[in-house]
Structures are given as structure tokens and as C-alpha cells.
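What follows is one structure encoded as C-alpha cells, with my remarks underneath.
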Amino acid sequence: MSRLTLFSVRNRALIALATLFAVVAGLWSASALPRELFPSLQFPVLVVATPAQGSSASVVEEQVTKPVEIAAQGLNNVVEVQSTSADGFSSVVVELDYGTDMGSAQTDLQRAVLALPNLPDTATPQIFAGNLDDFPIIQLAAVGGEGVDEQDLVDRLERLVVPDIEDLDGVRAVTLSGVADRVVTVDLDEEEAADAGVTIPAVAQVLQANGVVMPGGTVLDGDTELPVQVGSRLTSVEEIAALPLLTPQVMGMQQAAAGEAQQAAEDAADAS
């Protein structure tokens, strides 16, 4: 029997006390460990976020996103470059090999981006490393309480809270998440629809053709190019119900009215 075994057998009380002390110390250490919702993690990713106020998506793509992509592809250990262009904003994500010195890579990318000669005057590139601590994000949670309707809470947040946060200095954007999407279901009465000559494809075509916002070009305001959008979104059930639907009866009435107007014009021309 080894000396350690003999010592443990002869000093059972001491061994039990040491074991109990180790268990208590382990439980205390586990409860004292710091906990974070977003722990500090480092990923081999660089993000170039470039606000460009007043520039349309096409201008952002040509004058901001593509030059930044070219500059990013010149770095060492680049695995993939992805980009997104929107009205007034460009985002370029650069994925690097694991083990890359992120500090050096971020410095090289910053030098390359700042050296780009033809960026718009309103473009202000900002470079973030793949560290959760580097992203300027604050998350807030809101609970309506017992008996509060979820949609009422969402409306109050959109009307009262979101605008106040957007007005704070340094806030770029505010996104309301965790909200169920509102869906409007159009249920046709098959008999009445058949009598009126309304078909499901016709209703679908009307819904697809209305409430759509499309780019309509750009206009110049001094040296700033502003995007122009055409159309407006449908925001209520009443607006959807008021959409004009051309049925065969309505088209027949329109054609009859047009024929009468044409006949009246011909009669007036003959009389003169």
C-alpha cells in the first residue's frame, strides 16, 4: 500500500474536511464567475460600414461599395468579401483566415480605404473588427405588463420610444425586433366573386401592383444627389379595401361611357 493511501486511511477526518472545502470552494467560484449576455469574442472578420447620406443605392454601389471591395481584396489572407448596398449606406464584410493578426489587418484596411480617391463627400467609412465589443449596439427590452395588448405596446413603442431614441446624439438607426408581423388575409366569397366576374388572379394582381415603392431616379440638390421614390405603401385594411378592381362589368361600363363620349364628339363635329 502506497504512502498516500496509508496517509488517507489514517487521516480520514482531514481528508473529508479537505474534500468538503474543495467542493465549497468550487461552488463559490462557479457562482462568482462573471457572466455576460454578449461575451468578448474575436472573429477573423472586418466590417467597413460607410454612411453616405443623400446617395441612392446605385450611386452607393458604384462609388462606395465597389472601390471598398477592391481595397479589401488587396489584403493578405482574405477568404471572402461580401457587400450590401442600400440608399445612403454601404456595408462590406471581409472574412480572413483564422490566426490573422486582426490589429495589423484592420490598420492595413483602414489605410487602403482612406486612400480611395473618388469617394463621395458625404461618405464616412468606419471599420470594425470581428469583436463583439467593437460594435456600438445597445439592446433594450420592453414589457407591456399583464393585460396589455401586444399590438398596442408595439404602436406605443413606434410612436413614443423609437423617435426619442433616434433623436439622441450618436444614434445611427433604431430597429424594433421581436414583433410578430401583421398579416391581412383577403378571403373571397366564391359565389359573389363569380357573379361579379372577379377572379383570384385578378385580386392578386391588384395587390401586387399597389402599395409598392419603386426607385424613380435621382435629383440634384446643389452638390448632393437625392434618391426619388415613386408610390406609397398600403398601411391599413381600409386602404386595401379601397383599391379599384376592374371587373368585366366595370370595364363594360367604362367602354360604354367612352363610346358615348366619342359619339357625342362626332355629333358635335358634324353639327359644326
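Counting with the working numbering, you get residues 2 to 273 for the letters of the sequence shown.
For each residue, glycine too, the CB sits at the ideal point set by N, CA and C.
Buried or exposed for residue i, please, with buried defined as at least 16 other CB atoms from any protein chain shown within 10 angstroms of its CB.
{"i": "residue 107", "result": "buried"}
{"i": "residue 97", "result": "buried"}
{"i": "residue 202", "result": "exposed"}
{"i": "residue 72", "result": "buried"}
{"i": "residue 184", "result": "exposed"}
{"i": "residue 66", "result": "buried"}
{"i": "residue 64", "result": "buried"}
{"i": "residue 245", "result": "exposed"}
{"i": "residue 68", "result": "buried"}
{"i": "residue 44", "result": "exposed"}
{"i": "residue 47", "result": "buried"}
{"i": "residue 89", "result": "buried"}
{"i": "residue 125", "result": "exposed"}
Taking residue i as part of the alpha helix (DSSP H), name the residues at either end of that continuous run.
{"i": "residue 196", "result": "191-197"}
{"i": "residue 223", "result": "Premise fails: residue 223 is in no alpha helix (DSSP H) and is neither H nor E."}
{"i": "residue 68", "result": "67-74"}
{"i": "residue 239", "result": "238-242"}
{"i": "residue 20", "result": "13-33"}
What is the DSSP secondary structure of residue i, reduced to helix, strand or coil?
{"i": "residue 165", "result": "helix"}
{"i": "residue 200", "result": "coil"}
{"i": "residue 5", "result": "helix"}
{"i": "residue 175", "result": "coil"}
{"i": "residue 61", "result": "helix"}
{"i": "residue 229", "result": "strand"}
{"i": "residue 160", "result": "helix"}
{"i": "residue 208", "result": "helix"}
{"i": "residue 170", "result": "coil"}
{"i": "residue 10", "result": "helix"}
{"i": "residue 188", "result": "coil"}
Using the DSSP secondary-structure output, state which residues sit across from residue i in a beta bridge.
{"i": "residue 47", "result": "95, 130"}
{"i": "residue 53", "result": "124"}
Examine the ligand SAM and report whether any of its heavy atoms sits within less than 6 Å of the Cβ of residue i.
{"i": "residue 144", "result": "Inclusion of the ligand SAM in the displayed structure is not the case, the ligand content being empty and no account of it being possible."}
Discussion item. Which runs of the beta strand (DSSP E) at least 3 residues long sit entirely within the region 80-157? Give them in chain order.
Written reply: Runs found: 90-97, 127-132.
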